[in-house]
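> Quick one: this structure, given as structure tokens, is what I'll be asking you about.
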Amino acid sequence: MKNIIIKSLPYVVGFILLNLICYTTSNFYAQEEKYQSRIELFLSSKNKSIFLGDSHSETIRHLNEDNHIGNLAFGADGIKEMYVKSLIVTDFNPDIQYAFISTEPQLFNNSISSNSSFLNPYLLRVKDSLDIYEKSKLNLFVERVPLFNDNYLKFFLNKTLTDIRNFGKQSKKENWEELPESKKKTIATKTGKIDHNNILSNSNDTVVFREMVKLYKSKNIKVIGVRFPVYPEYIEQCEPNDLKNVNDFIESLDLDFNLDYSYTIKNPMLFADEDHLNEKGVVELARYIHRDTGIQLSK
Amino acid sequence: MLFNSFEFAIFFSVVFLLYFLSYKQLRAQNFLLLVSSYVFYGWWDWRFLSLIFISSISDYLIGLRIDKSENTAVRKRLLLLSVFINLGILGFFKYYNFFAESTVDVLNFFGFQSNPFFIKVILPVGISFYTFQTMSYTIDIYRRQMKATPNLLEFMAFVSFFPQLVAGPIERAKNLLPQFGIKRKFNLSEAKEGIKQSIWGLFKKIVIADNCAQYVNHIFENSDTLPGSMLLIGVLLFAFQIYGDFSGYSDIAIGISRILGFNLMQNFRSPYLAENIQDFWRRWHISLSTWFRDYVYIPLGGSRSNSKIRRIYNIVVTFTVSGFWHGANWTFIIWGALHSLFYLIQNAFSNLFGQNTKRPISIPKPLSIVITFISVTLAWIFFRADSVAIAIKMITEILSSSLFVNPVPYLKQFGSFAQPFILIISIGYLALFELMNRNASYSFQVSSFKIPIKQLAYCSLLLLIIFFRATNGKIDFIYFQF
């Protein structure tokens with residue numbers, strides 16, 4: 002037995018060292034810190050409004066200079082992450098009156114969010130009756146070890162592969178504002194195609210979404226569905242039938258407000274890229290929301 | 002509780018510790034194994050425990066009675082009772098709905114309108130494995146090949162032995178049961194080998210099988226919209242998935258048993274390096290193929306029948322029944338029948354052009370391995386497809402001109418799946434060891450290597466498991482459903 006322990010010791014030490022290196026050097030854990038600090042900030046404030054969704058909704062941060070809007074949206078979040086955050090919201094903040102949830106079709110594209118493990122500490126604190134990630138408490142703990150965390154591993158492999166592919170090439174990020182309109186439209190089409198693949202292919206997405214809305218309604222919180230402005234070439238890549246099915250589903254939820262601003266803002270100067278508003282664009286959007294719901298988002 | 006879960010790691014650590022603390026008392030060791038096996042099996046659904054309990058008690062009692070009795074007629078009746086109980090449990094849970102549906106289909110075909118009565122039951126995991134294991138016990142006693150055990154605890158621990166309970170190897174009582182009657186002390190060299198074999202099995206499961214599964218599931222689910230080239234990729238990957246999944250389970254089961262001081266039979270021996278179908282079945286799921294050989298093929302007359310037709314009949318029946326053992330679906334029956342067809346073709350070829358004939362044709366070894374692999378892979382299509390119609394459509398598509406459609410754009414759509422380079426590297430790694438150790442008890446045999454190469458082999462295996470393991474959630478072992 003002693004012999005086995007001695008022989009396996011270098012492997013154990015190597016494994017621990019590898020984990021430490023991963024934890025301290027990876028952007029993944031920097032992102033996790035940012036993600037969790039946003040939730041912590043929300044929990045320590047008494048916001049009346051909350052925004053949930055992916056990077057489209059996250060642009061609302063431009064209005065949030067003094068943190069009067071609860072912004073829990075985060076790039077790459079999916080429906081499951083929105084649901085878990087809703088559990089946190091309803092459990093820890095009794096002051097919430099309005100929940101702005103993203104109703105965009107790309108949320109229903111059955112992709113697996115790399116953010117899910119960021120929510121592990123919270124899943125230990127709230128009761129998730131749907132068990133959406135199908136993780137036992139033991140799994141939630143074990144995933145703290147980087148090399149046992151599937152999301153970290155995916156991130157690591159993708160990044161390594163991208164680095165290898167781009168080795169020796171100079172990366173130059175083009176400034177969106179300086180691009181000609183035709184190029185912007187081409188990019189919007191390309192991104193739209195990627196984002197609107199496999200829409201509603203996973204029936205579980207609608208179950209979770211419905212449950213999330215039900216949760217807010219049970220707490221008398223008004224639910225406002227929002228579709229953020231994007232380039233027309235982006236949203237038009239969603240198959241008409243898929244878009245209709247998503248719309249029918251959203252209609253069936255009987256939300257307090259169902260706001261579709263996909264085509265509302267046409268001025269290219271108000272976009273940061275093909276599917277995100279810039280600072281000025283968000284201010285403009287806040288005006289529309291105020292007009293349609295009477296809810297003041299900016300001071 | 003899957004072998005590749007943290008729950009199992011904790012479970013096994015606790016069992017291991019208690020097991021060797023109680024090494025002085027055989028009864029305590031066996032009792033601990035029985036309790037831990039029931040916990041392990043009950044983890045899926047505690048109601049399944051009643052089945053394994055009924056099977057154990059009935060075969061224990063029947064075994065004793067058969068052993069005591071000198072009356073052949075009584076012995077035969079008791080054996081039939083044991084077979085009836087075991088096949089009754091199996092038939093009810095696994096085959097009832099299939100027979101109900103097939104009967105109604107036949108009645109409807111002849112113009113009689115009838116509605117099937119289906120039962121809604123969950124198929125208990127591994128039911129086909131332990132029912133076959135206990136049946137072989139009573140059959141062997143009936144044949145006077147072994148004595149019945151008077152020790153109920155040992156027998157129950159043997160039937161429910163957790164490492165091989167849900168997916169084999171299907172052990173013979175003659176081999177495994179006596180091991181429960183001997184005190185097991187910790188054996189360092191056996192434990193080391195057991196750990197290595199388990200880690201190799203883990204690699205086959207979570208790196209090979211689970212990474213292939215993502216592609217295979219997607220390709221088979223969308224087989225009607227994909228070109229032949231993609232379907233061929235799906236089928237080839239399935240060949241590696243099922244091998245990695247099932248032989249991986251067997252390696253872990255055998256490895257864990259070795260740590261606990263038990264010696265289980267070898268279940269796989271580089272089957273894709275088989276030179277013909279007969280050779281394939283000497284290398285694939287050996288515990289099942291020898292079970293069917295001993296309890297079905299030989300009792301039917303085997304190859305010793307004087308009539309050629311009878312010999313063909315024996316082969317077709319044995320393979321077809323073994324196909325049906327896998328699942329209540331025509332796809333499995335055809336899979337088994339196809340193997341018998343390949344076997345018969347190979348026999349006919351060898352009778353006409355074998356080394357002892359007037360016109361001997363010698364096929365180079367690598368070519369015969371490739372031909373066998375293609376035949377086996379073709380049959381896998383029926384094994385994996387949801388229906389016979391889908392399988393035939395897939396084969397038609399693979400044989401059409403769409404086989405030459407560039408698959409790369411389709412592969413790019415897979416987005417979050419494992420990168421193809423992961424599959425290529427890991428399958429290459431597996432193939433390397435299989436080629437080096439074609440006839441070994443398991444292929445990761447590195448003991449004879451020089452120290453730096455040995456260390457390199459261990460490190461590379463561990464790194465592959467850590468970095469190339471599938472990351473899209475836990476996937477059940479395929480053979481659990483059987």
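The listed protein sequences correspond, in order, to chains A and B. Everything in the first sequence is counted per this note's numbering, starting at 2 for the first residue and increasing by one. Everything in the second sequence is counted per this note's numbering, starting at 2 for the first residue and increasing by one. For glycine and all other residues, C-beta sits at the position ideal for the given N, C-alpha and C.
Give, in chain order, every unbroken run of the beta strand (DSSP E) that is at least 3 residues long and sits entirely within the segment 4 to 33 of chain A.
Entirely contained in the segment 4 to 33 of chain A, not one beta strand (DSSP E) run reaches 3 residues.
> Looking only at its own chain, which residues have a Cβ that is under 8 Å from the Cβ of Arg145 (chain A), when we skip the five neighbours before and after it?
Here residue 145 (chain A) refers to the residue found at position 144 when the first sequence is read from its first residue. Asn121.
> Starting from Tyr97 (chain B), trace the alpha helix (DSSP H) in both directions and tell me its first and last residue.
Numbered from its first residue, the second sequence carries residue 97 (chain B) at position 96. First-last of the alpha helix (DSSP H) with Tyr97 (chain B): 97 to 110.
> Within 8 Å (strictly less), CB to CB, does Ile113 (chain A) reach chain B?
Here residue 113 (chain A) refers to the residue found at position 112 of the first sequence. Output row for Ile113 (chain A): interface = yes.
> By the DSSP assignment, the beta strand (DSSP E) with Tyr99 (chain A) in it spans what residues?
For the purposes of this step, residue 99 (chain A) is taken as residue 98 along the first sequence, with counting starting at 1. Counting along the chain, the beta strand (DSSP E) containing Tyr99 (chain A) begins and ends at 99 to 103.
> Go through the segment 50 to 87 of chain B residue by residue and report every complete run of the alpha helix (DSSP H) that reaches 4 residues or more, in order.
For the segment 50 to 87 of chain B, whole alpha helix (DSSP H) runs of length 4 or above, ordered along the chain, are 50 to 69.
> Between Phe1 (chain B) and chain A, is the shortest Cβ-Cβ distance under 8 Å, so that the two count as touching?
In the structure as shown, chain B begins at 2 and stops at 483. Residue 1 (chain B) is therefore absent and cannot be evaluated.
> Return the first residue and the last residue of the alpha helix (DSSP H) that Ile253 (chain B) is part of.
The residue labelled residue 253 (chain B) in the question sits at position 252 within the second sequence. Unbroken alpha helix (DSSP H) run through Ile253 (chain B): 229 to 260.
> Residues of chain B with CB under 8 Å from Asn121 (chain A), in chain order?
Position 120 of the first sequence, counted from the start, is the residue given in the question as residue 121 (chain A). Simply none; closest approach about 14 Å.
> For a quick check, are the C-beta atoms of Ile70 (chain A) and Ser87 (chain A) less than 8 Å apart?
Position 69 of the first sequence holds residue 70 (chain A). Position 86 of the first sequence holds residue 87 (chain A). No. Outside cutoff.
> My parser needs the beta strand (DSSP E) runs of 3 or more residues fully inside the segment 68 to 142 of chain A; what are they?
The segment 68 to 142 of chain A contains these whole beta strand (DSSP E) runs: 99 to 103.
> Mind checking if Asn4 (chain A) is an interface residue toward chain B, Cβ cutoff 8 Å exclusive?
If you number the first sequence from 1, residue 4 (chain A) lands on position 3. For Asn4 (chain A), the answer is yes, since a Cβ of chain B falls inside 8 Å of its Cβ.
> So what does DSSP say about Ile364 (chain B), is it helix, strand or coil?
The sequence position of residue 364 (chain B) within the second sequence is 363, counting from 1. In the structure shown, Ile364 (chain B) sits in coil (DSSP, three-state: anything other than H, G, I, E or B).
> On the three-state DSSP scale, how would you describe Val167 (chain B)?
The sequence position of residue 167 (chain B) within the second sequence is 166, counting from 1. Reduced to three states, the DSSP call for Val167 (chain B) is coil.
> Below 8 Å CB to CB, which residues in the same chain sit around Leu64 (chain A) once its five sequence neighbours on both sides are set aside?
On the first sequence, position 63 is the one that residue 64 (chain A) refers to. The residues are Ile70, Val283, Val284, Ala287, Leu298, Ser299.
> Asp151 (chain A) touches chain B at which residues, Cβ-Cβ below 9 Å?
On the first sequence, position 150 is the one that residue 151 (chain A) refers to. Result: Arg470, Ala471, Thr472, Asn473, Gly474.
> Please list the residues of the segment 11 to 22 of chain A that have a C-beta atom closer than 7 Å to any C-beta atom in chain B, keeping them in chain order.
From the segment 11 to 22 of chain A, only Tyr12 have a Cβ closer than 7 Å to chain B.
> Applying the 10 Å Cβ sphere with the 16-neighbour rule, what's the burial state of Gln242 (chain B)?
The residue given as residue 242 (chain B) occupies position 241 in the second sequence. Buried is the call here.
> CB-CB under 7 Å to Phe434 (chain B), same chain, minus the five flanking residues each way: which ones, in chain order?
Sequence index remark: in the second sequence, residue 434 (chain B) carries index 433 (1-based). Closer than 7 Å at Cβ, skipping near neighbours: Ser444, Phe445.
> Flag Leu189 (chain B) as yes if its beta-carbon sits less than 8 Å from any beta-carbon of chain A, otherwise no.
Indexing the second sequence from 1 puts residue 189 (chain B) at position 188. Yes - at least one Cβ of chain A is within 8 Å of the one on Leu189 (chain B).
> Verify whether the separation of the beta carbon atoms of Arg200 (chain A) and Phe109 (chain A) is less than 8 Å.
The sequence position of residue 200 (chain A) within the first sequence is 199, counting from 1. The sequence position of residue 109 (chain A) within the first sequence is 108, counting from 1. Note on residue identity: the sequence assigns Ile, not Arg, to residue 200 (chain A). Yes. Within cutoff.
> Do Tyr39 (chain B) and Leu50 (chain B) have their CB atoms nearer than 8 Å?
Looking up residue 39 (chain B) in the second sequence gives position 38. Looking up residue 50 (chain B) in the second sequence gives position 49. Yes, the Cβ-Cβ distance between Tyr39 (chain B) and Leu50 (chain B) is below 8 Å.
> Apart from the five residues on each side of it in sequence, which residues of its chain come closer than 8 Å, Cβ to Cβ, to Gly295 (chain A)?
As a working note, residue 295 (chain A) is residue 294 in the first sequence. Closer than 8 Å at the Cβ level, and outside the excluded window around Gly295 (chain A), lies no residue.
> Pop quiz: Ala338 (chain B) and Lys95 (chain B) are said to be a contact at Cβ under 8 Å. What is the actual Cβ separation, rounded to whole angstroms?
For the purposes of this step, residue 338 (chain B) is identified with residue 337 of the second sequence, where counting begins at 1. For the purposes of this step, residue 95 (chain B) is identified with residue 94 of the second sequence, where counting begins at 1. Actually they do not touch by this definition, with Cβ atoms about 19 Å apart.
> If you measure between the beta carbons of Ser56 (chain B) and Val160 (chain B), is that distance less than 8 Å?
Within the second sequence, numbered from 1, the residue matching residue 56 (chain B) stands at position 55. Within the second sequence, numbered from 1, the residue matching residue 160 (chain B) stands at position 159. Their beta carbons are under 8 Å apart, which means Ser56 (chain B) touches Val160 (chain B) by this criterion.
> Return the CA-CA distance between Glu41 (chain A) and Glu34 (chain A), expressed in angstroms with no decimal places.
Residue numbering aside, residue 41 (chain A) sits at position 40 when the first sequence is read from its first letter. Residue numbering aside, residue 34 (chain A) sits at position 33 when the first sequence is read from its first letter. Looking at the two C-alpha atoms, the distance is approximately 10 Å.
> So which of B:Thr472, B:Ile234, B:Arg284, B:Glu155 has the shortest CA-CA distance to Gln267 (chain B)?
The residue labelled residue 267 (chain B) in the question sits at position 266 within the second sequence. If we check each option's Cα against that of Gln267 (chain B), B:Arg284 comes out closest.
> Indicate whether at least one CB of chain A lies closer than 8 Å to the CB of Lys193 (chain B).
Numbered from its first residue, the second sequence carries residue 193 (chain B) at position 192. Yes, because at least one Cβ of chain A sits closer than 8 Å to the Cβ of Lys193 (chain B).
> Indicate whether at least one CB of chain B lies closer than 8 Å to the CB of Asn94 (chain A).
Against the first sequence, residue 94 (chain A) aligns to sequence position 93. It does not: the Cβ of Asn94 (chain A) has no partner Cβ on chain B nearer than 8 Å.
> Taking C-beta pairs closer than 8 Å, name the residues in chain B that Val143 (chain A) reaches, listed in chain order.
Position 142 of the first sequence, counted from the first residue, corresponds to residue 143 (chain A). By Cβ distance, chain B contributes Phe7.
> Quick one: Cα of Leu131 (chain A) to Cα of Phe210 (chain A), how far?
Translated into positions along the first sequence, residue 131 (chain A) becomes position 130. Translated into positions along the first sequence, residue 210 (chain A) becomes position 209. Their backbone Cα atoms lie some 11 Å apart in a straight line.
> From Leu345 (chain B) to Ile335 (chain B), what distance separates their C-alpha atoms?
Indexing the second sequence from 1 puts residue 345 (chain B) at position 344. Indexing the second sequence from 1 puts residue 335 (chain B) at position 334. Rounded to the nearest angstrom, the two C-alpha atoms are 15 Å apart.
> Quick check on DSSP: helix, strand or coil for Arg228 (chain A)?
Indexing the first sequence from 1 puts residue 228 (chain A) at position 227. Looking at Arg228 (chain A) - three-state DSSP - the assignment turns out to be strand.
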